[in-house]
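Read through the structure below, which is laid out as structure tokens, and then see the notes.
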Amino acid sequence: MTAVMKGVRILEVAEHTFVPAASALLADWGAEVIKIEHVERGDAMRGLAQTGVAMVGGPVHVLLEHSNRHKKSLALDLKTDEGLEILYKLAATSDVFLTNKLPSVRAKLKIDVEDIRAHNPAIIYARGTGQGERGPDADRGSYDFLSFWARSGIGSAMTTSDSERTTFPPGPGFGDSIGGLTIAGGIMGALFHRERTGEATVLDVSLLGVGMWAQGQGIAISQQHKIPLHQSVSGRTNNPLVGIYQTADGRSLVFSCLQAARYWAEFCQLIGRPELATDPRFIDHAALSANAGAAADELTAVLAAAPLAEWRTKLATFSGQWAVAQTTLEIGTDPQALENGYVQNVVSANGTEFKLVGAPIQYDSEPPVAGRAPELNEHGDDLLQSLGLDWDTIINLKIKGVVA
């Protein structure tokens, strides 16, 4: 794999998933990432036992691993002058400063743009927030469940209009991981701009903005027609080959053949109902659209009569677009995911093997290796010595609680 970020140093003061996931991706692509953690507890994610949508537990904290792979950890008390001085020295050697601290916290800790750039005018300053840097809620904390999912309209759009409450996100860190990928791309663009012009930029990405972008087409439709989007109560569309059908063993077959008439005859042949292709109700595009409900009823009955394994075999040669709705457990053994390196085996610091999803962008046809997250302050002493601090000074800082 071409390590496109090799030689780039990123200094991170961030916790949880949204912003740390960005530097985790950059580390996968070769960047050196120095993670500054709370001097006693570390990243708050280290102590997270439950997310609200999933239990954490187990021999490996996989949520922490997902967003902190390949990093170097330094536990540092930024509320002390000595700790801040160490941070500034690291900033002077870094290409990017990355944080998710709120504006008021950044000012209090003296890690805002002007503070960091006083020690490195050429540094790219990247900040991830819940709702953006401007507006009445700029200094309010948030999570992807709130800003990405609920406030952006995604949660409502994923809920049927007759439901009493909005649907929960599909898993922990859903918007955070998408947002992290967005920040990573933004940082790479900022580095390219600096390389071309010599100008260091300030980069802003918010969970609200990312959620709205992800739902951008839906928002545009709603604004144009003045109606909110919801999931169909019936689950039906005006195209019988765009939808979800149940099998005899309760599995779901998902079809997205946008040109229904093009695939209709072939599909009917494969499912053992060739007569449906010449049925006057479904004979051409206009008829199929006008009678989409009746066509869907026919398909519902046919597909419900056999188990998934049988349909996998019968539809193996189908030229249309379809998939099986897999669980988050099944995708871990999907041959396509494994062959492309989308799921990888990783060994934790204590020697436990576990699985992580690999970075979704690959260079030169080779997936980047998903490494493990650091132990708290695992690289602290080495980093301090690299700044020229002798061992006596480091011991003194440890005694004072400035470093771990």
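Using the numbering used here, you'd call the opening residue of the sequence shown number 985 and step up by one each time. Ideal Cβ placement from N, Cα and C applies to all residues, glycine included.
| task | Note down the Cα distance separating Phe1424 from Thr1297, rounded to an integer number of angstroms. | result | In the structure displayed, the chain extends from 985 to 1388; residue 1424 sits before or after that span and is not available.
| task | Rank His1054, Leu1060, Val1003 and Pro1043 by C-alpha distance to the C-alpha of Ala1354 and give the top, closest one. | result | On the sequence shown, position 370 is the one that residue 1354 refers to. It is His1054.
| said: Just to confirm before moving on: does the CB-CB distance between Ser1273 and Val1217 stay below 8 Å? | reply: The residue given as residue 1273 occupies position 289 in the sequence shown. The residue given as residue 1217 occupies position 233 in the sequence shown. No, the Cβ-Cβ distance between Ser1273 and Val1217 is not below 8 Å.
| query | To the nearest whole angstrom, what separates the beta carbons of Ile994 and Asp1096, a pair I think is in contact under 8 Å? | reply | Sequence index remark: in the sequence shown, residue 994 carries index 10 (1-based). Sequence index remark: in the sequence shown, residue 1096 carries index 112 (1-based). Rounded to the nearest angstrom, the Cβ distance from Ile994 to Asp1096 is 18 Å, too far for a contact under 8 Å.
| request: Can you check the stretch 1052–1093 for any alpha helix (DSSP H) of at least 4 residues that lies completely inside it and give the ranges in chain order? | output: Positions of the alpha helix (DSSP H) runs, each at least 4 residues long and wholly inside the stretch 1052–1093, are given as 1065–1076 and 1087–1093 in order along the chain.
| request: Determine the direct distance from the alpha carbon of Ser1236 to that of Glu1314, and round the result to whole angstroms. | output: Counting from one through the sequence shown, the residue named residue 1314 turns up at place 330. Counting from one through the sequence shown, the residue named residue 1236 turns up at place 252. Straight-line Cα distance between these residues: approximately 13 Å.
| query | In terms of residues, what are the limits of the beta strand (DSSP E) holding Ala1307? | reply | Taking the first residue of the sequence shown as 1, we reach residue 1307 at position 323. Ala1307 -> beta strand (DSSP E) spans Trp1306 to Val1308.
| query | Got a sec, what are the start and stop residues for the alpha helix (DSSP H) Tyr1109 sits in? | reply | Position 125 of the sequence shown, counting from 1, holds the residue named residue 1109. No alpha helix (DSSP H) contains Tyr1109, which is instead part of the beta strand (DSSP E) from Ile1108 to Thr1113.
| Contacting residues, own chain, Cβ-Cβ under 7 Å from Met1142 (five flanking each side not counted) | Residue 1142 sits at position 158 when you count from the first residue of the sequence shown. Once the five neighbours on either side are set aside, the close Cβ partners of Met1142 are Thr1151 and Gln1215.
| Cross-strand partners of Val1331 (DSSP beta bridge) | Position 347 of the sequence shown, counting from 1, holds the residue named residue 1331. Under DSSP, Val1331 takes part in a beta bridge, and its partners are Glu1337.
| field | Cβ neighbours of Gln1115 in the same chain (closer than 7 Å, five flanking residues each side left out) | value | Counting from one through the sequence shown, the residue named residue 1115 turns up at place 131. The answer, listed in chain order, is Asp1121, Ala1122, Arg1124, Ser1126, Ser1131, Ser1190 and Leu1192.
| Taking just the CA atoms, how far does Val1186 sit from Ala1469? | Past the boundaries of the shown model lies residue 1469; the chain is included only from 985 to 1388, so the question cannot be answered.
| query | Going by the beta-carbon positions, is the gap between Gly1159 and Gly1112 smaller than 8 Å? | reply | In the sequence shown, the residue the question calls residue 1159 occupies position 175. In the sequence shown, the residue the question calls residue 1112 occupies position 128. Not in contact: Gly1159 and Gly1112 (Cβ atoms no closer than 8 Å).
| field | The alpha helix (DSSP H) enclosing Gly1200, as first and last residue numbers | value | Residue mapping note: residue 1200 aligns to position 216 of the sequence shown, counting from 1. Gly1200: member of the alpha helix (DSSP H) spanning Gly1200 to His1209, first to last residue.
| Distance, Ala1011 Cα to Val1238 Cα | Here residue 1238 is taken as the residue at index 254 of the sequence shown, counted from 1. Here residue 1011 is taken as the residue at index 27 of the sequence shown, counted from 1. Going by the C-alpha atoms only, they are around 35 Å apart.
| said: Under 8 Å: do the stretch 1334–1350 and the stretch 1292–1311 share three or more Cβ pairs, one atom per stretch? | reply: Contact between the stretch 1334–1350 and the stretch 1292–1311 is not established, with fewer than three Cβ pairs separated by less than 8 Å.
| DSSP state of Lys990, grouped into three classes? | What you label residue 990 is simply residue 6 of the sequence shown in a count that begins at 1. It is coil, neither helix nor strand.
| said: For the alpha helix (DSSP H) containing Ser1140, name the first residue and the last one. | reply: Start at 1 with the first residue of the sequence shown, and residue 1140 comes out as number 156. Segment Ile1138 to Ala1141, the alpha helix (DSSP H) holding Ser1140.
| task | Quick one: grab the DSSP three-state call for Thr1312. | result | Reading the sequence shown from its first residue, position 328 is the one you call residue 1312. Three-state DSSP puts Thr1312 in coil, outside helix and strand.
| query | Taking the Cβ atom as the reference point for each residue, do Gly1342 and Pro1352 lie within a distance shorter than 8 Å? | reply | On the sequence shown, position 358 is the one that residue 1342 refers to. On the sequence shown, position 368 is the one that residue 1352 refers to. In this structure, Gly1342 places its C-beta atom within 8 Å of the C-beta atom of Pro1352.
| Buried/exposed call for Ala1110, threshold 16 Cβ in 10 Å | The residue labelled residue 1110 in the question sits at position 126 within the sequence shown. Under this definition Ala1110 is a buried residue.
| said: Bridge partners for Ser1236 per DSSP, in chain order? | reply: Translated into the one-based positions of the sequence shown, residue 1236 becomes position 252. Beta-bridge pairing links Ser1236 to Gln1230.
| task | List the DSSP bridge partners of Lys929. | result | A query on residue 929 cannot be resolved here, the shown segment of the chain reaching from 985 to 1388 and no further.
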